[in-house]
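Asker: When the letters of the sequence shown are read in order and numbered with full-length UniProt numbering, they come out as residues 1 to 101. Every residue, glycine too, gets a C-beta built ideally from N, C-alpha and C. Values in this document were obtained by computation on a predicted structure and should not be read as measured data.
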Amino acid sequence: MSLERRFSADKKQLTVVADEVFDFGKVQDFRVAFSTDIEDVEAVIIDLHKTAYMDSSALGMLLNMQKLLSGKVTSFKIINTRPQVLKILQIARFDKKFEIT
């Protein structure tokens, strides 16, 4: 899997670190990353510090993740965005659906 996953010590927070390219080719990896072994997870963080490119399918994956987990997970954050990726997220108004830092 090309996406790194990290859990907090208490397993309540899941961080998924995306690759340099976050696009349609990552659909399956991303779904596995956010949906496996998450029984205790209350917060999901998507770390985009490596991501230099993302396409519309990546935006769709983020929305789909939020939709699928919204009954269980109470906090969704996107962190460490590069300026060009942050601009895409802002244009798509993701700052209304996710906390972006």
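Within this structure, are the beta carbons of ASP47 and VAL73 separated by less than 9 Å?
Answerer: Not closer than 9 Å, so no.
Asker: Check for me: the alpha helix (DSSP H) holding LYS67 runs from which residue to which?
Answerer: Note, LYS67: alpha helix (DSSP H), 56 to 69.
Asker: For ASP47, does the three-state DSSP call read helix, strand or coil?
Answerer: Strand.
Asker: Would you mind working out which of LYS12, THR51, ASP29 and GLY71 sits nearest ILE78, comparing C-alpha positions?
Answerer: Cα-wise, what sits closest to ILE78 is THR51.
Asker: Following the continuous alpha helix (DSSP H) through ARG93, name the residue where it begins and the one where it ends.
Answerer: Run containing ARG93: none; DSSP gives neither H nor E here.
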